[in-house]
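Residue numbers (this note's numbering), protein chains in the order written: chain A, 14 to 55; chain B, 42 to 457.
No residue lacks a Cβ here, since even glycine has one placed at the ideal position from N, Cα and C.
Presented below is the structure to which this report refers.
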Ligand code: HEM
């Protein structure tokens with residue numbers, strides 16, 4: 014059953030990694046949808 | 042004889058259950074009534090508005106009925122066709138705000154905006170209503186009943202057929218069916234698919250079922266979490282899809298044994314165990330469904346994940362139109378130009394429809410891989426299956442394995 018556990022852990026790791034990487038690459042909704050001159054409170 | 046009677050009884054019950062569900066699902070009567078309250082397009086009298094949009098036009102659009110836009114499309118700011126200044130609708134010398142809005146509506150206005158993003162300049166699109174109604178209506182209803190129907194069918198199957206047992210005497214010997222890496226790939230796929238299925242259903246059905254049950258506040262949290270999981274777990278699913286394709290495609294090409302297997306109904310209802318290689322015909326169907334539908338879900342999902350960046354449907358429809366197929370099937374000519382938002386709407390519907398189909402198929406797979414068949418789960422659990430199970434369900438594969446083992450020096454792992 015170790016393979017199953019590894020699989021499930023990998024899902025979590027990939028998900029967090031994808032979220033972080035896409036955000037770093039500028040794919041956040043904020044960066045995609047707002048121009049730099051927009052007033053936006055972070 | 043008793044078996045035959047059981048099967049017939051099962052079929053009759055399944056058909057009755059299906060008919061019962063269908064009778065519930067048809068919302069026809071309500072719609073028909075609504076439709077009759079709206080006059081057909083030809084009879085709409087626009088004299089009260091000086092030829093402009095009437096309440097009836099608005100109602101027709103909201104109900105997704107065909108609307109003739111010609112009377113408005115030509116009316117986008119030409120002073121010649123505007124009402125005179127002294128008249129009730131004659132504002133701003135013919136260049137009134139309504140004209141500006143109409144210009145936007147028909148993409149004739151020159152829009153500049155600070156907002157970035159590919160679709161930022163489309164300020165109005167009027168094809169959203171039918172999508173919303175379809176998503177909240179038939180998609181949700183029929184999709185939901187498809188899943189419930191599948192669960193019902195499986196429960197019925199379990200009651201009638203019971204668990205598929207290992208017929209012969211167990212040997213106590215075990216043979217390796219899937220390696221660690223293969224099982225890892227399977228569970229990467231299975232875990233992500235189940236998470237995606239649940240969070241997808243939360244997103245689609247939350248408004249109808251969860252908000253009434255738990256309130257907006259609680260659902261807001263659930264929806265935000267679901268969205269995060271759905272968007273980010275998708276990558277694990279896509280990776281796993283590639284993995285299982287590469288690992289197992291070699292065992293999944295159809296061949297002669299499949300025809301015999303199918304002709305015997307897989308031996309599910311007696312008649313002995315038809316021979317099978319590593320995967321039987323039923324499993325091959327599961328494999329190819331997962332690959333083909335999984336890829337389609339992935340592609341439409343990517344289109345949704347990167348809004349407006351990967352439009353798929355206008356081009357696909359254009360290709361389909363050249364084949365003449367849509368017209369032959371009564372769909373008419375499919376739209377070949379659409380607003381970016383309409384592209385997203387089609388992507389959403391396609392993504393959901395294909396997902397419902399794959400979810401129903403996978404429910405059956407999960408059933409037969411766990412409670413439905415004695416000894417099956419071990420293959421994906423620890424990778425080792427009872428030899429008698431293997432002989433009954435995958436006789437040709439066992440012969441192959443034995444042959445390979447015979448050739449290899451004892452103790453050595455046979456090379457794949
Ligand atoms: C709790 C859920 C699941 C269980 C218990 C399960 C169990 C199994 C088992 C035991 C096998 C090996 C069958 C054999 O030895 O021949 C298998 C194979 C497979 N599974 Fe699953 N599975 C689950 C979920 C999924 C999901 C969600 C997917 C896809 C989205 C999936 C796709 C496959 C495929 C493509 C195969 C190979 C073809 C086949 O055997 O049908 N499984 N699964």
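Q | CB contact check: residue 39 (chain A) to chain B, cutoff 8 Å | A | Locating residue 39 (chain A) in the first chain gives position 26, where the first residue counts as 1. So, not an interface residue.
Q) For residue 362 (chain B) versus residue 28 (chain A), is the C-beta spacing smaller than 8 Å? A) Translated into the one-based positions of the second chain, residue 362 (chain B) becomes position 321. Translated into the one-based positions of the first chain, residue 28 (chain A) becomes position 15. Contact flag unset, no.
Q. Rounded C-beta distance between residue 212 (chain B) and residue 440 (chain B)? I'm assuming under 8 Å.
A. By one-based count along the second chain, residue 212 (chain B) stands at place 171. By one-based count along the second chain, residue 440 (chain B) stands at place 399. Wrong, their Cβ atoms sit about 15 Å apart, outside the cutoff.
Q.
I want to check one thing, is the minimum distance from the CB of residue 19 (chain A) to the heavy atoms of the ligand HEM below 7 Å?
A. Start at 1 with the first residue of the first chain, and residue 19 (chain A) comes out as number 6. No; taking the cut-off as 7 Å, the Cβ of residue 19 (chain A) has no heavy atom of the ligand HEM nearer than that.
Q) Taking 7 Å as the line, does the beta carbon of residue 382 (chain B) fall inside it for any heavy atom of the ligand HEM? A) For the purposes of this step, residue 382 (chain B) is identified with residue 341 of the second chain, where counting begins at 1. No - the ligand HEM has no heavy atom lying nearer than 7 Å to the Cβ of residue 382 (chain B).
Q | Neighbour list for residue 32 (chain A) in chain B, Cβ cutoff strictly below 9 Å | A | What you label residue 32 (chain A) is simply residue 19 of the first chain in a count that begins at 1. By Cβ distance, chain B contributes 269, 272 and 273.
Q: Name, in chain order, the residues that DSSP records as bridge partners for residue 205 (chain B).
A: Here the question's residue 205 (chain B) lines up with position 164 in the second chain. Per DSSP, B:414.
Q) Within 7 Å: the Cβ of residue 234 (chain B) and any heavy atom of the ligand HEM? A) For the purposes of this step, residue 234 (chain B) is taken as residue 193 along the second chain, with counting starting at 1. Result yes, Cβ under 7 Å from the ligand HEM.
**Q.** DSSP-derived helix/strand/coil call for residue 216 (chain B)
**A.** Numbered from its first residue, the second chain carries residue 216 (chain B) at position 175. Correct three-state label for residue 216 (chain B): strand.
Q: Give the interface partners of residue 262 (chain B) over in chain A, defined as CB-CB distance under 8 Å, in chain order.
A: Position 221 of the second chain, counted from the start, is the residue given in the question as residue 262 (chain B). Within chain A, no residue comes near residue 262 (chain B); the closest Cβ sits about 18 Å away, beyond 8 Å.
Q | residue 298 (chain B) versus residue 170 (chain B) - alpha carbon distance | A | Numbered from its first residue, the second chain carries residue 298 (chain B) at position 257. Numbered from its first residue, the second chain carries residue 170 (chain B) at position 129. Between residue 298 (chain B) and residue 170 (chain B), the C-alpha separation is close to 50 Å.
Q. For the ligand HEM, any of its heavy atoms closer than 7 Å to the Cβ of residue 410 (chain B)?
A. Here residue 410 (chain B) corresponds to residue number 369 of the second chain, with the count starting at 1. Yes, the Cβ of residue 410 (chain B) comes within 7 Å of a heavy atom of the ligand HEM.
**Q.** Assigned secondary structure, residue 177 (chain B) (DSSP; H/G/I helix, E/B strand, else coil)
**A.** Position 136 of the second chain, counted from the first residue, corresponds to residue 177 (chain B). In this structure, residue 177 (chain B) counts as helix in the three-state DSSP scheme.
Q: Please name the residues in the segment 190-210 of chain B whose beta-carbon is closer than 7 Å to at least one beta-carbon of chain A, in chain order.
A: none
Q. Quick one: what's got a C-beta closer than 6 Å to residue 227 (chain B)'s C-beta in the same chain, skipping five residues either side?
A. Counting from 1 along the second chain, the entry for residue 227 (chain B) is found at position 186. Contacts found: 421.
Q: Could you list the residues in the segment 153-181 of chain B with a C-beta less than 7 Å from some C-beta on chain A, going in chain order?
A: Legend: CB atoms of the segment 153-181 of chain B lying less than 7 Å from CB atoms of chain A belong to residues 155, 156, 157 and 158.
Q) Between residue 368 (chain B) and residue 184 (chain B), what straight-line distance do the alpha-carbon atoms span, to the nearest angstrom? A) As a first step, residue 368 (chain B) is located in the second chain; it is residue number 327 there, counting from the start. As a first step, residue 184 (chain B) is located in the second chain; it is residue number 143 there, counting from the start. Approximately 26 Å between the Cα atoms of the pair.
Q | Those runs of the alpha helix (DSSP H) which lie wholly inside the segment 287-361 of chain B and span at least 4 residues | A | Counting only runs of 4 or more, we get 297-304 and 322-346.
Q: Go to residue 22 (chain A), then tell me how far its alpha helix (DSSP H) extends in each direction, as first and last residue.
A: Within the first chain, the letter at position 9 stands for residue 22 (chain A). Per DSSP, residue 22 (chain A) belongs to the alpha helix (DSSP H) from 15-37.
**Q.** Contact the segment 283-300 of chain B vs the segment 251-268 of chain B: 3+ CB pairs below 8 Å
**A.** no
Q: Give a single yes or no on whether residue 320 (chain B) has its beta carbon closer than 7 Å to a heavy atom of the ligand HEM.
A: Position 279 of the second chain, counted from the first residue, corresponds to residue 320 (chain B). Within the cutoff, so yes.
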